[in-house]
Structures are given as structure tokens and as C-alpha cells.
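Residue numbers (the UniProt record's numbering): 1 to 896.
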């Protein structure tokens, strides 16, 4: 019988549906166990208010004739208010009047929507204002008494810094480095926790650890700065307890709290954590410590948080500890150091158990991504120590896990270990933003499978509260250019809608601070530095204002992200500096642009000096952004803007042609990137396009199928070859193992994507360039080609209402498969080939299409192709064909 499942509000997934910032959330649901011909003809939504005693009262029930099951409007006449909890049930009918049962209820609880909801003070350690060096963690505590039986309790909490809360000695929640990283001068996120089960009638205690984190710790490029957003940490906390008789008691941060220094003596994002167990305070977060106990001080009550700083629940999922990895091996380095290899370059920390030794003994953990000459290679970390130190309390077996730092590493050197067997006492805890995994790829080529896994791991490590460039050295910043290019790939791997929606709000805030020019990194950790806090427009990096929202819209079909960011887009387009004479619709030629950043031909110390003219790259992306603005403004009904962008786009294309392209299609720079961008951004006439495709294929052959592109060209090189009927050349690039290529790092043992094509040289030494990260996701954009061409799984319409499966047969790949969890359910395909006796090949394809969507299947057949449009359900196709050598030998028709 047809069942309704996965009822959700907006883009939230449990358990992230408590304390949200929504007043009219849209509703979506999916179907399971439905017959092949099932179609929803009508639906009913029942909204109930859930009271403090868990009693549900129906607020409204509405039945509509509609096939929609995705992001349908909020059905109740009234918006939600602060603290309100609702549940919703759905049932549906087909055209014959056959109905489903009610779905299981899904619940949503609103946080504190208004500043007036906050009754707490902002408190700090009294020594905070005098702090000029890295500070210890602070331990805050408050005892309180609850006289009645508890029905419901909520903790609303945030910090200027990072925090962990405890109640009666028990850790609250599972967030890591809460409240996360935002533009603290514009937005401070808070969290909501259900603490009903943490409290009891009688005496209770709440305790909070606070450390500097991103807020006042050292952060930024080239060594960074301290105190960018404030000179010291602070805490805001509000606990609301509802009793079974309906009474309410509120406990807030105020002058009655006490504070002391905790055992974490240093907590730095870059340099690591120093934990001194001899300075632990037993039961510090439990009741029973006198307010006048030695070492504890009254807190400093600060002025209220400025109204200009929005207290917000935010939209992104929190960072969490996702999984644990045991070391694959233990080795002794040539210098006698003990090094653990976890087998995977990851982001997180090392947890140690079974530590044993005398009081005051120190165990030191040093982290690095690679080894060089058998030793930990820390040079790429630059001014970043990445060292954790644990000082033993002594006398018993101990355990240590850092709370307020993270590292990018595969190898951990453990000095002064005196505990039980190290291999069984250590594990790496993998941390990243807890997004929903939605995509997968595999094929018969083992190195390509490893490449795909490297891309996934690179995204995991760098989608850490904000989309960072790298997670290990003295940087870890939200570089806009990396995300601008990777977003179309990212959405295929993880559901990162809320994550990027949240970050884009901060992008617009930083843009407003800089007078309309987006920051190069958001949150803008370059603000104190006049060199890196550039207010100079920069193509690609600042085009993120358009490219990222568009990628989210294409993935979800949700126009709200375009509306949310539309002003940011317009503001950026107004700031693009144009020529005053000549090509007046293109970039001002005097403005410096980064161009095809990290082109493999660029000098190691000058990654912007690529083969391709940087001005041409900037203008290609300008036209691409203009074309998207034409579409976006039309979607949003902004007709005047649409007309203006069409005129600008047309004029810019003509000027681009005059400036960079000959009549037959030869392009200035004559590089892989130049042709890839011109082809993919539709900058050529049909005759020029044919020539350009051939020229691109020639350049790739001439380069022995090695990559010749940097940041700008890499996402487009293989697709440009496919679009111009040269997919066999793209397929020759994919398995290439000579440097530079996608598989060269894999052959060198990489488990994430590198920043440089040659971050490690063939002799095993590390690239001498200063920028040498072994975990950068930018070059992982090839995963999109692997999904769409190798496996053949393509999105045709925004939101996956219509898809296409068109396997690309070639490169001796015998099978491939891809899956994607779309807004309507699981879409997947898998194919395999087998040689027939007559010289032809047999292809078997399996396709699973989710409810209410259609899929165009395009397969080779004999010397041609066959097409069929299919609907929901599971399908199997078999066909025989003759290679030509790769199929398709000609480009597929453009997507509608």
C-alpha cells in the first residue's frame, strides 16, 4: 500500500528541527510502496500545535487538489511564533479517490525569533578585557533549584568564541565548535537544546566551557590576526523550564554566575590544544560547589549585544563528530619518532585512551598530511603548529580528546607515549558539517573510484561550518573562488543547501561592509589587514554571489535562494569595473585578476601567471554571470533587470568576439582553458565552435592528454570536449596518470584532492611552493563529469523533475553506476558492457526513477542511438552497438 514518508519542513532534516528560524515553512514529502501508475491528485495537511505537556491540538486541516509534494506552501493561516512547536501529518489521494493513511507526524520547533525574547546578560571572565595573549578556556557555572516536577526544558545558548555546555556533569548536545563560524559582527548563531532529561527536582547546576575559537583566536591569511571580532570571549545563555503544573522558571546568564580558568590552557584553531589534567576541577558542572570556593570569580556583566548583531538560529547543520578511524599502521621514523598512519587524509582530531603515566607527564600529538623522507612533513602548515599536548593527572588510566581545535592530517606523531598499546588506544575522530549524503559513483576503473572517494573526502573536510579552502595550514578560510567553481559538484555529493544558504547570508553581509564588493574570504578574516582586505573586484571569486545560488537552485528548483541572494547579485554586477572606452561592456583592463589560478604551467611562487590571459578569463566569467542574471531575473519576474542584462550580455559577447576570437574560431592564449570556457559559456558561433572543439582536442593530444588548466578551466575541460564531439579525448584524459592529471595524485597515494597538480613530486618530496595543501576540493570538479558523462546521470530541469540517463561508453570502462537522492526520492543508474562474438558489444542498463519525475534514456543502438522517455519505477534496457570508439561520437543535443 502506498505510504507517505520523509515529511520535512523546508530543507531541514532531523535532528536539526529544533530551535529553527522559520515562521511559514514549506512542506515536502515522498512516497514508498506505490504502484507503478500511482499519481497524487490531492493532498491533505493537518497542522497541530504541540503544547509543553506534549498534547497536540489541531490548528488547521486543509485539503487541496494538487499533484505537488515538494515545497508546498505553509498550510496554516497564522505564522509560527517564538518557541512554538508544531507537528504535521500528510495524506494523499490518487485520481480514483484511493487514499493513503496519514503519514507519521513530523515536528518542528521554532527558536527565539526576536531580540526581546532574550532576557539574559552577556557575561565574560573578569580578566577578559586585559587579555592580550592566547587565553585559557573559561569555565562558567551557576547552581539553581527546581521545586516542581519538570515537563519540558530548553537551553538557548551561544558564545562569542566556542563553547560546550554541561548540566549536572553531563555533556549537552553533540555539536562540535558551536556556535560555528559566522560574520560575528553581523550574525551570531545560537543553539537550542532539549534538556528535559538533564534536569531533576531539587539542586541542579549548569556549566559552560568557553574558548576563543574563530572569534578572538588567531585566524587569517599569512599568519592571521587575533581579536578580529572582539578582544575576548563572552557567553549568553537562557534556560527555560516548564513544570507539569504549567509554571515557568527561567535561568539566565547574569551577575550571579561564577567563572574560573579551565584545564585547557591553550585552545587555538591553528596551533592546537594544550590540556593540563592536573588543573581539572572535579564535578565543576554539578551542584555542591560553594559560590565562594577558591579559584572561582564573579563574572563580568557586559553591555548588551549590539542590535546590529543579529542573534539567529542560522540555517546550516552543525559540525559534528561523524566517525572514528583506527590507525592502519604504526611506524618508527628514521629519527626514532612514533608515527600513526590513519590511512586517510581527514579533518578532526586524535582521541587517546588508556593513557598512563606519572603526574605532570606530557603526551604530545603532532599532525601532518604527508611524510617526507619518512618524517612528519610540517613545512606546508606554514605558521601553524597543529600540536596537541596532554599533561597527565597521574595515578590512573586517562583519556583525552580535544574540544576546541581541529586538524587536517593523515599522520599523527605521538611523543612520550607511556600508556597501553598505542595502535588500540588511538583513533582519529572525523569532523565536518553534518550534511545529508546524497550522491554516489563507481565504475570498473579502480583509480577513478579512488579519485571519486578523494573528492568526497576533500569536500567533507572543507565543508566545516563554512566552505574552506583547506583544513590544515594557517588559513582554513572561506575562499569564495573555490566554492564558486565547486558548488555544481558539491550539490551532487551532499545536500548542502542549508549549509551554503547560511554562508551566502554572510557573503552578502561582508559585501555590504566592503561597499558592495564581496570579500575574498567569508567570514572576512582579512579585515585588519589592508593588503588582503581588498576592495578590488575580482572575477570568479566575486562571481560566487551568482554562481553558488544558481547551483543551489538547479539542484533543488527552489527559487527562494535566488530571491534571498538577488540583491547581493545585483550589487556585485553594479561593482564590476568596465572599460571607459573601446570594449565598454567588458572588464576594465587595468584591474588585476587572478585568472586561471594554479594553472600547472604557472611558476610555483606566482600561481596567477597561468597560460591563459587573465583578462580573457575574467570576461568569459562576466558573460557567464550575465547569462545567469538574465535567467534569474526572469525567474523572479524582474523584467526590467532581464532586459538590461540581455542587452549587456549581447554587447559583451560581441566585444569578447572582437577582442579574443578570430573569425574561424582561434582564441587568444590558445590554451585548454581558453577553449573550454568559450565552448561551455557559448561564446562562439557554430562554425567557430566546431573549429574550437578541434583545436582543444589538438591541444590536449599535444599535451599527451595531461591537464593544462587551473581553477577556472578544470571544471569545464572535459565537458567542452564532450560538447564538441570529442568525448574520446576527454576519456583519454580521465585515466591519464602522468603529472599533471587527476590520477597522478592517486598513484602517489593521495586520499584527498590536492591544491596543486604536483603538491608531491614524483620522487616523494613535497612541492617547494608555499601554497602546498593536500586537501583542496577545487580540482575535484571532475566528479560532475564522472556523474553526468561516465555514469550518464544528468539533471535536465532544476530540482530533478526531469532527468536524463545517457551513459558515455569508453576508455575501457566496463561498467559504471551513479545514484542521487533527489527532492523526489532516489534516482539511480548502472550499466555494464560485454563483448559479443560478432565484434559488437552488449549494453545492459538499469534505471530507477523516483516518484512523479520523468527520465530521458539515450542509448547506443547499432551504429546509432535510441531514445525513450520513462517515468517512475525500475527499468532495464539491453542493446547491442558498435563502438566508434567511444559513444557518443557526436555531442548529445543540448538539455532543454
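Beta carbons are placed, not taken as given, at the ideal position from N, Cα and C, and that holds for glycine. Remember, predicted model here, so these are calculated numbers, not experimental data.
Take residue i as the anchor and find which of the options has the nearest alpha-carbon.
i, options, result
"residue 421", "568, 431, 397 and 436", "397"
"residue 45", "35, 28 and 34", "28"
"residue 174", "376, 319 and 769", "319"
"residue 705", "721, 597, 692 and 653", "721"
"residue 850", "826, 387 and 66", "826"
"residue 541", "522, 558, 555 and 475", "522"
"residue 841", "859, 233 and 848", "859"
"residue 167", "196, 673, 184 and 181", "196"
"residue 898", "111, 91, 35 and 51", "No statement about residue 898 is possible, as the shown extent of the chain runs from 1 to 896 and does not include it."
"residue 101", "757, 838, 142 and 90", "90"
"residue 4", "575, 105 and 80", "105"
"residue 423", "343, 502 and 370", "343"
"residue 432", "406, 612 and 565", "406"
Please list the terminal residues of the continuous beta strand (DSSP E) segment that includes residue i.
i, result
"residue 22", "Note, residue 22: premise wrong, no beta strand (DSSP E); not H, not E."
"residue 261", "258-261"
"residue 326", "Neither: residue 326 is in no beta strand (DSSP E) and is coded neither H nor E."
"residue 338", "338-355"
"residue 412", "407-415"
"residue 851", "Segment: none, residue 851 is in no beta strand (DSSP E) and carries neither H nor E."
"residue 234", "234-243"
"residue 381", "No beta strand (DSSP E) contains residue 381, which DSSP labels as neither H nor E."
"residue 906", "Within the shown structure, residues of the chain are numbered from 1 to 896, placing residue 906 beyond reach of any answer."
"residue 364", "362-368"
"residue 49", "42-50"
"residue 3", "3-9"
"residue 443", "439-443"
"residue 310", "310-312"
"residue 869", "864-870"
"residue 399", "398-400"
From which residue to which residue does the alpha helix (DSSP H) around residue i run?
i, result
"residue 458", "446-462"
"residue 556", "544-556"
"residue 215", "213-216"
"residue 691", "686-702"
"residue 646", "639-660"
"residue 481", "480-493"
"residue 877", "Run containing residue 877: none in the alpha helix (DSSP H); it sits in the beta strand (DSSP E), 873-881."
"residue 508", "497-513"
"residue 567", "560-575"
"residue 425", "422-425"
"residue 672", "672-680"
"residue 719", "717-723"
"residue 746", "744-747"
"residue 782", "782-785"
Just confirm the distance between the C-beta atoms of residue i and residue j, as a whole number of angstroms; I'd bet it's less than 8 Å.
i, j, result
"residue 451", "residue 743", "6 Å"
"residue 434", "residue 332", "With 8 Å as the limit, residue 434 and residue 332 do not qualify as a contact, their Cβ atoms being about 37 Å apart."
"residue 189", "residue 313", "7 Å"
"residue 191", "residue 178", "6 Å"
"residue 169", "residue 285", "5 Å"
"residue 790", "residue 808", "6 Å"
"residue 39", "residue 94", "6 Å"
"residue 817", "residue 200", "Not a contact, Cβ separation roughly 52 Å."
"residue 439", "residue 819", "7 Å"
"residue 217", "residue 134", "7 Å"
"residue 204", "residue 146", "6 Å"
"residue 597", "residue 608", "6 Å"
Next on the checklist: Assess contact between the segment 228-238 and the segment 150-157, defined as three or more Cβ pairs (one per stretch) separated by less than 8 Å. Is contact present?
Outcome noted: Taking 8 Å as the limit for Cβ pairs, the verdict is that the segment 150-157 does touch the segment 228-238.
Item to check | Within the segment 57-110, ranges of the beta strand (DSSP E) (whole runs, at least 3 residues) | outcome: Fully enclosed beta strand (DSSP E) runs of 3 or longer: 85-93 and 106-110.
Next on the checklist: Please give me, in chain order, every unbroken run of the beta strand (DSSP E) with length at least 3 that falls completely inside the segment 106-163.
Outcome noted: 106-110, 138-146 and 150-160, all fully within the segment 106-163.
Checklist entry - Whole beta strand (DSSP E) runs in the segment 788-840 with 3 or more residues, listed along the chain? => result Along the segment 788-840, the beta strand (DSSP E) occurs as fully enclosed runs of 3 or more residues at 793-795, 802-805, 815-822 and 825-835, listed in sequence order.
Item to check | Contained beta strand (DSSP E) runs [length at least 3] in the segment 251-307, N- to C-terminal order | outcome: Counting whole runs of 3 or more residues, the segment 251-307 contains the beta strand (DSSP E) stretches 258-261, 264-268 and 272-276.
Next on the checklist: My parser needs the alpha helix (DSSP H) runs of 4 or more residues fully inside the segment 583-619; what are they?
Outcome noted: Fully enclosed alpha helix (DSSP H) runs of 4 or longer: not present.
Checklist entry - Counting Cβ pairs, one atom from each stretch, are 3 or more of them under 8 Å apart for the segment 691-706 and the segment 469-487? => result Of all C-beta pairs linking the segment 691-706 to the segment 469-487, fewer than three are shorter than 8 Å, placing the two stretches out of contact.
Next on the checklist: Is it the case that the segment 758-774 contacts the segment 422-429, given that we only count it when at least three CB pairs across the two stretches are under 8 Å?
Outcome noted: Taking a contact to require three or more Cβ pairs closer than 8 Å, the segment 422-429 and the segment 758-774 do not qualify as touching.
Item to check | Cβ pair count under 8 Å reaching 3, the segment 247-256 against the segment 357-374 | outcome: Contact between the segment 247-256 and the segment 357-374 is absent, with fewer than three C-beta pairs closer than 8 Å.
Checklist entry - Is it true that the segment 455-463 meets the segment 378-393, where meeting means three or more beta-carbon pairs spaced less than 8 Å apart? => result Counting Cβ pairs under 8 Å, fewer than three are found: no touch.
Checklist entry - Between the segment 712-730 and the segment 662-676, do at least 3 Cβ pairs fall closer than 8 Å? => result By the Cβ test, the segment 712-730 is in contact with the segment 662-676, since at least three Cβ pairs between them sit closer than 8 Å.
Checklist entry - Between the segment 393-411 and the segment 296-315, do three or more beta carbon pairs fall short of 8 Å? => result The answer is no - the segment 296-315 does not touch the segment 393-411, with fewer than three Cβ pairs under 8 Å.
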